[in-house]
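Here the structure comes first, spelled out in structure tokens, and everything after it is commentary.
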Amino acid sequence: MRRLLSVSGVNLGACDAQSPGSIHAQADMCGCCGAVGLPVLALTMRNMVRDDLQSLVDEGFRFCSTPECQVVYFDNGSRRYFSKADLKVRVGIKETEHPVPVCYCLGVTEADILRAIVENGCCNTLEDVKHYTGARTGRECRLKNPSGRCCEAHVRSVIERGLAVRRAGKGHVRTGQTHE
Ligand SMILES: [Zn+2]
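Take a look at the structure:
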């Protein structure tokens, strides 16, 4: 079995077990999880990738948005895979422990949004959350969000989760904060 390595040598070999032979997948599919990646600009990547790996950034990469997949950016042609460990920012959709960034322009985390909905009970809609937390009101997604895209889908998913918790009523509210 051929091992899949990230640009800094992180072993992504576990991927092979999930999708054997996938490193030969089509150009637009993540060589690790097999999901279709979203095109991303080198401009975006340069703000995310560790300084010592900048020379490996190029046009033509894609962003993998699978939460469980370690790969963030991939180019199957050149066999270059940037894993979470190769970045200097946390990729919110691939993190489960606080802080989980949602809106990179305004620095809003999942915990901020969940707190507004569940604990403060002030927000019911995307508009409320935009007004109260500032999430989804930035204009620099291309430069600040690892996907190079707007955070709206992520914000909406967090709102749904928060509303579900609030509907369920009493009990301890999980805001993604973990204390060991
Ligand atoms: Zn992937």
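Each residue of the sequence shown is one higher than the last, beginning at 4 in the numbering used here.
Note that the Cβ used here is the ideal one computed from N, Cα and C, for glycine as well.
Asked, Found
"Please determine, among His134, Ala114 and Thr99, the residue with the shortest C-alpha to C-alpha distance to Cys72.", "Thr99"
"Closer than 5 Å between the C-beta and any heavy atom of ligand 1: which residues qualify, listed along the chain?", "Cys33, Cys35, Cys36, Cys67, Thr69, Cys72 and Val74"
"Taking Cβ positions only, does Cys67 come closer than 7 Å to chain C?", "Among the protein chains of the structure shown there is no chain C, as only one such chain exists."
"Tell me which residue opens and which closes the alpha helix (DSSP H) that Arg164 is part of.", "Glu155 to Ala171"
"Is the beta carbon of Gly151 less than 7 Å from the beta carbon of Arg145?", "yes"
"Nearest CA to the CA of Val158: which residue from Val103, Lys147 and Arg170?", "Val103"
"For Val105 and Thr140, I'd like the C-alpha separation in whole angstroms.", "12 Å"
"In chain order, what residues of the same chain have a beta carbon less than 8 Å from the beta carbon of Arg53, not counting five sequence neighbours either side?", "Ser11, Asp89, Leu90 and Lys91"
"Using the Cβ count rule (16 or more neighbours within 10 Å means buried), how would you classify Pro149?", "buried"
"Arg53 by DSSP, collapsed to three states: which one?", "coil"
"With 16 other CB atoms within 10 Å as the buried threshold, where does Thr128 fall?", "exposed"
"So, Leu15 versus Cys35, is the Cβ gap smaller than 7 Å?", "yes"
"Taking the alpha carbon of Leu8 as the reference point, which residue from Ser86, Asp131, Ser68 and Gly80 has its own alpha carbon closest?", "Ser86"
"Give, in chain order, every unbroken run of the beta strand (DSSP E) that is at least 3 residues long and sits entirely within the region 42-110.", "74-78, 83-86 and 104-106"
"Looking at C-alpha atoms only, which residue of Arg142, Pro42 and Val121 is the closest neighbour of Gly165?", "Val121"
"Between Leu56 and Asp78, what straight-line distance do the alpha-carbon atoms span, to the nearest angstrom?", "15 Å"
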